[in-house]
Structures are given as structure tokens and as C-alpha cells.
Amino acid sequence: MSIDPRSYTYGDDVLKGRIILVSGSSDGIGKALARHAASLGAQVILHGRSVPKLEKIYDAIEKIDGAPRPSIAVMDLESANAESYTTLAQSIESEFGRLDGLVHNASILGERYSIEQYDAVVWQKVMHVNVTAAFALTQVFLPLLNQSEDPSVIFTSSGVGRTGKAFWGAYAVSKFATEGLSQVLADEHRHGKLRSNCINPGATRTNMRLAAYPAEDRDQLKRPEDILAPYIYLLGPDSRGVTGESFDAQ
């Protein structure tokens, strides 16, 4: 691959006409990506569990000149059941008929404890939201992704999902699993159109980062808006054929 996604440059309409769902788009990287993708011509589906937060992003996108009107998909990944996923997929199929991009941005941190001290209930919750929910969303949306001429799935990884580090517990393990899920999906579709890749955002000025490193100088961190080039690259046409990879956003 000759393109470095971190320095990828693109036109103002690189995502024009593409239908993209961003999970966890009510805050942080998901929020920034949803707004930027819309400004590049994408029809964005905003997913989250907070209606007021999603409505604020909806209103912000509506003010972007030329941006398609977004849609809102409210669903709590922690409590969603099979019917919830099916209903969401049916709603998107009815409105759009396909899905060109699926960005798994939603995740939770859990506890920063040793394995010996880690609460089993919290462990299960982190694994469910970060891994099982991503699997369920992917599975239910595969028929819609297969209706696209150029479908792309992006999973959110982490540095601690490549090399295990003490006290990162379920979050680290969930990101190892995320890398594996993306690779399995990529290999299963290696002869088709669908591509599946991971992005490790790195140290970014988000609420999750603050929870993990409360004493850190946030002013030294990149803003979510500063690390979006790899996401746009993988969602757009220039990454056709790129699959099963894991990229750093910084």
C-alpha cells in the first residue's frame, strides 16, 4: 500500500452519496467523525444511547452547507437484544436500502484493576459492549453492506489491544478480540467487495482518555478532529482492496 492513511488528503466530496453509520457518535471521535463525514457528502446515521446528545449533533450537521440530512439511531448496546438489532437493520433497509460504511466507535473503558481484583460483572459488561455488540451490529448489517458497491467496516482498536499491559483488564482483552474479529471478517470476505480494518486512535482528547489518565495534560493531546484522515481513507474509494489491516491514527 503506497498511501499512508495518517497523511491522506482528499477532496471535499470524497464521501458523497455514501451511507455511513457511526456507532457511539454522540461524543469524542465518533461525534467528530460523523460531522466531518457529513461535510464530505456522506449520509450519516448517528448511533448512540443519548437522544439529547444525538439531537445536538443532528442540529450541528444540519447547519453544514451542503451536508445531507443525517438520521438518528438510538440504541443502548449494553441492554440491546436480538430484536433491537433486527429492528434497527430493518429501519435502515427501509430508508436507504444499503449501507456503505460501518464504523464501530462505541466502547467502554471498564475498570483499571489487576486481573486478580477485576470485578467479573464489569468484565462481562466491557466484553459485551466492546466485542459482542460489535459482532451483532456487523452480523445484522452484512446484508445491507453486501448491497453496496464499495462497503467498508472499521473497528476501533487500541495500543493495549496489540501488547497487553498491566491493569488494563477487560478493555485490553476486548481490543485484542476486536482485532481478531476484524481479521476473521476480512478473511471471510477476501474474495468479495467488503473490506474490514482496524484503527488505533492513539492518545486523543476524549472523555475515555480522561478517565484512564486523569492527571494527564489534555492540552498536549490531539483533538478528535485532528486524527480523522485514516477513517476517511478507509471509508472512501481510495482504500478499495485494503482489508485485514490495523492502522495507527497517529
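Throughout the sequence shown, residue numbering follows my numbering, covering -5 to 244 in sequence. Cβ coordinates follow ideal geometry from the N, Cα and C atoms, glycine included.
Check                                                                                                                                                             : Outcome
Can you round the beta-carbon distance between Leu40 and Tyr52 to whole angstroms, since I take them to be within the 8 Å contact cut?                            : 6 Å
Kindly indicate the opening and closing residues of the beta strand (DSSP E) around His41.                                                                        : Gln37 to Gly42
To the nearest angstrom, how far is it from the Cα of Thr81 to the Cα of Asp(-2)?                                                                                 : 38 Å
Expressed to the nearest angstrom, what Euclidean distance is found between the alpha-carbon atoms of Val134 and Asn75?                                           : 12 Å
Do you know whose CA, among Leu71, Glu49 and Glu77, lies nearest Pro64's CA?                                                                                      : Glu49
For the candidate residues Gly155, Gly186 and Leu188, whose alpha-carbon lies nearest to that of Val167?                                                          : Gly155
Provide the residue span of the alpha helix (DSSP H) that contains His30, from first to last.                                                                     : Gly22 to Ser33
What's the gap between the Cα of Arg189 and the Cα of Leu15?                                                                                                      : 15 Å
Output needed for Ala61: all residues of its chain with C-beta closer than 6 Å, excluding positions within five of it in sequence on either side, in chain order. : Ala32, Ser33 and Ile55
Could you tell me which of Gly230, Pro218, Gly238 and Glu143 sits nearest to Asp21, measuring between CA atoms?                                                   : Pro218
Compare the C-alpha of Arg92 against each of Gln111, Ala28 and Arg12 and name the closest.                                                                        : Arg12
Between the C-alpha atoms of Gln118 and Asn124, what's the straight-line distance to the nearest angstrom?                                                        : 10 Å
Do Val236 and Asn191 count as a contact pair if the criterion is CB distance below 8 Å?                                                                           : yes
Is it buried or exposed for Gln37, if we count other Cβ within 10 angstroms and need 16 for buried?                                                               : buried
Buried or exposed for Pro224, please, with buried defined as at least 16 other CB atoms from any protein chain shown within 10 angstroms of its CB.               : buried
In three-state terms, what does DSSP make of Ser181?                                                                                                              : Reading off the sequence shown, one finds Asp at residue 181, where the question assumed Ser. In the structure shown, Asp181 sits in a helix (DSSP, three-state: H, G or I).
Taking a contact to mean a Cβ-Cβ separation below 8 Å, would you say Ser151 touches Lys169 in this structure?                                                     : yes
Using CA atoms only, rank isn't needed, just tell me which of Gln244, Gly42 and Leu103 is closest to Ser19.                                                       : Gly42
What does DSSP give as the partner residues of Leu246 in its beta bridges?                                                                                        : Because the chain is modelled from -5 through 244, residue 246 falls outside the range shown and cannot be assessed.
Cα separation between Val8 and Ile66?                                                                                                                             : 22 Å
Here's a check: name, in chain order, each residue in its chain whose Cβ is nearer than 8 Å to the Cβ of Arg184, leaving out the five neighbours to either side.  : Thr237 and Gly238
Name the DSSP beta bridge partners of Ser190, please?                                                                                                             : Val147
Assign Asn99 to buried or exposed, taking buried as 16 or more other Cβ atoms, counted over all protein chains shown, within 10 Å of its Cβ.                      : buried
Just mark Ile226 as buried or exposed, buried being the case when its beta carbon has 16 or more other beta carbons within 10 Å.                                  : buried
Do you know whose CA, among Val45, Ser73 and Ser240, lies nearest Val120's CA?                                                                                    : Ser73
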